[in-house]
Structure formats: structure tokens, C-alpha cells
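The working numbering applies: residue 140 is where the sequence shown begins, and numbers increase by one.
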Amino acid sequence: MPGSPSADVYDVEGFLALAAGSPDITLCAVLGRPVAHSLSPVIHAGAAQDAGIVPGFRYVRVEAGEEDEIRRLLSGSPACVAGFSVTMPGKPHALTLADEVTDRAAAIGSANTLVPLRDSDGAQTGRWLADNTDVVGVTACLDAVLGDTAPSRAAVVGNGGTARPTVAAFAAHGVHRVDVLARSDKALNLRALVESYGMEFSWNRLDAPELASVCAGCDVLVSTVPESAAGEYTDELSRAGAVVDVIYDPYPTHLLTEAVAAGRPVADGLLMLAGQGAEQFRQFTGATASAGAMYAALQKHLGLRGR
């Protein structure tokens, strides 16, 4: 599996002790359970290198996902803590515990980013902002495969957590119709979000006989489901004009392999991870790092360069 376990994993109290003893650095962390496999430290280390702030920046993993754990981190973190990346199961809690929420996080219904709010002098106020930068990650993938093309019709495979920021990214690209492709009518849960952006909603079961023609009619398709869920439909899904797969285990996925063989532009989950991480890093530090540098750090870490 991509990623590697690390000894650099803290529980909540261990992290707060680390923070209390590190007043002169910029300290950030990814929160999740499990979290040892997270690649977030890799991309943020690459960002710090690219931005030239390596000596004063540290990013660690924290095993935390319950509401009371995240509340403790928000209330107990000293001024050196510049922000948290949040994975499951903490994303819904990050949204509800924050003092302020960005419009996109509110629309999506979850947050993957927590940033301390500051006053006009730059001092932390003890209040926190929740954001969802997954939208930025999906947008980076869409930019990569679409270029200057303005997509009219787009498909998203799945109706889980990543499907919602994907819908928001479609809206930002001017998509008129969204086809949700899923195994069950739980896909209907996305209707309100799609229509809130003024886009037309449609859904089809993955095993529908018309799946191939639906995909062929889409300018771009984003798959948000595990390899095991998409595997038997890769021939049909790869018929879209361009293909994004946010999954990166295995790497590359069978869907991307099929799409490349069919001559389609593709983007992978590592680019999404780098894109959302670049925006997090900017919010955490005020410094700018390129998603390209973070993507390269991921490829180097995973031994994927040249593949």
C-alpha cells in the first residue's frame, strides 16, 4: 500500500506536549484514525522545501478522529500550531467544532482543514476556521485533463465523501449536467448539492446497460470509489472524454490504465492529494508552494518516478 508507517505518530496529549515544547517552530498535523499510513507529511515536507521554510516547519501525524479529541486539540493548541489536516473519521466533526466555516465546506458538509483565526495584528484569537480544500485538489485534476476545454457534461462515480467536493469542482468549471454513477439510489443524496449549483442532475446504476453510452457522452469522469468497486466497469468508464481517478492504491488503477490505452487524458489521486495540500499549506503558513513540487515529493517517496 502506498505510504509507510512512521514512528512520528502522536496521540492527542502527546501532540499537545510536543507543541508546548516547540514554541519557535510552525507545527502542523494530520488528524485521523488510522493515520500512520497518511501521506500528508510527505507532501507538506515537499511544500516546505519548495517554499524554503524547512528549518522552522514540522508536520506530524496525530491519531485522533472523535469529536472530543478534536475539541481538545482546538482548545489546547498553543500559538505555534498553524493548522490541522483532517481525514476520516474527523471531517464532519471538524466542520461542527469550528467557529467559522467557509462557504465551500458548508456546502459540501465536511471539512478537511482547520486553521486558527488571527486578529489584525496576526495574533491567534482562539477561534478556528474550517475549510474543505478537496475542491482545490479535484480542480487541479480537472485543469490537468481538460486544459482550456469547457466541459458541459461530467460524471462522478460514487456518492461518498469525495463525490461532494467533486460536484463543487464541476460547478466551478461551468459544467451544466452531472451524471452520478453508483451502485444504489443513495446517489440521490447528491441531487440537492448538484442542483444548488444550478446544474442538471442525473444518475445511473453502475450495472445499467446504458453505462457505456452515458460515459461516452461525458466530457470528463471522476471516479471516487475504491478499485474493487470500479474494477469490473473500467471499459465503460474509460469511454469518457477525460478520466480522473482519485484513488492511488493500487497505482495506477485499472481505470487509469484502460483510459490511457484508449488515448484519454488522465489524472491520478496523487495530483488531487498534492493540489488540496498546496492550498492547506498556504493557509497554514502564508507561504506558497507548488502542487507540482508536492506531487514530485509523493512520486519520489513512493518510488514512482519514471513509471
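All C-beta atoms in this analysis are idealised placements derived from N, C-alpha and C, irrespective of residue type, glycine included.
Just so we're clear, the structure is a prediction, and the values are computed from it rather than from any experiment.
By the DSSP assignment, the alpha helix (DSSP H) with Ala-293 in it spans what residues? Segment 292 to 296 is the beta strand (DSSP E) holding Ala-293; no alpha helix (DSSP H) there.
Bridge partners - Ala-269, DSSP secondary structure assignment: Val-240 and Leu-253
For the candidate residues Ala-400, Tyr-434 and Ala-428, whose alpha-carbon lies nearest to that of Asp-407? Tyr-434
For Lys-230 and Ser-249, what's the separation of their Cα atoms in angstroms? 5 Å
Is the beta carbon of Val-383 closer than 8 Å to that of Leu-281? yes
Leaving aside the five residues before and after Ala-158 along the sequence, list all residues of the same chain whose C-beta is less than 7 Å from its C-beta, in chain order. Leu-166, Ser-216, Pro-217, Cys-219 and Val-220
Considering only residues of the stretch 358 to 398, which uninterrupted alpha helix (DSSP H) runs meet the minimum length of 4 residues and lie entirely inside it, listed in chain order? 366 to 369 and 373 to 376
Determine the extent of the alpha helix (DSSP H) in which Tyr-434 is found, giving its start and end residues. 430 to 441
Exposed unless 16 or more other CB atoms sit within 10 angstroms - verdict on Ala-156: exposed
Roughly how many whole angstroms lie between the Cα atoms of Val-151 and Asp-270? 21 Å
Considering Cα atoms alone, identify which of Leu-360, Leu-376 and Val-277 is closest to Pro-348. Leu-376
Rounded to a whole number of angstroms, what is the C-alpha to C-alpha distance between Leu-437 and His-232? 28 Å
Every unbroken beta strand (DSSP E) within the stretch 309 to 336, with a cutoff of 3 residues, ordered by chain: 316 to 321
Going by C-alpha to C-alpha distance, which of Ser-341, Gly-414 and Glu-206 sits closest to Val-353? Ser-341
So, helix, strand or coil for Cys-219, using DSSP? coil
Nearest-angstrom Cα separation, counted from Ala-279 out to Leu-202: Position check: residue 202 holds Glu in this sequence, whereas Leu was assumed. Taking the straight line from one Cα to the other gives about 28 Å.
Where the alpha helix (DSSP H) containing Glu-418 begins and where it ends: 408 to 424
Quick one: Cα of Arg-210 to Cα of Pro-228, how far? 14 Å
Cβ-based burial, Asp-238 [other Cβ within 10 Å; buried from 16]: exposed
Assumed close pair Ala-289, Cys-357 - CB separation to whole angstroms, cut-off 8 Å: Rounded, the Cβ-Cβ distance is 14 Å, inconsistent with contact.
Pairing CB atoms from the stretch 190 to 197 with CB atoms from the stretch 159 to 178, are three or more of them under 8 Å? yes
Spatial neighbours of Gly-142 in its chain, beta-carbon cut-off 6 Å, leaving aside the 5 residues before and after: With a pLDDT of only 42 at Gly-142, under the threshold of 50, the placement of this residue in the model should not be trusted; the figure read from the coordinates follows. Excluding positions up to five away in sequence, the list reads His-176 and Leu-178.
Inspect the beta-carbon positions of Ala-428 and Ala-246 and report whether they are closer than 8 Å. no
Under 8 Å: do the stretch 359 to 379 and the stretch 387 to 395 share three or more Cβ pairs, one atom per stretch? yes
Outcome for Leu-256 when other beta-carbon atoms lying within 10 angstroms are tallied against a minimum of 16: exposed
Nonlocal neighbours in the same chain, by C-beta distance under 7 Å from Pro-304, ignoring five residues either side: Ile-247, Asn-271, Asp-273, Val-274 and Val-277
Where Gly-530 falls: helix, strand or coil (DSSP): With the chain represented from 140 up to 446, any question about residue 530 goes unanswered, as that position is not in the structure.
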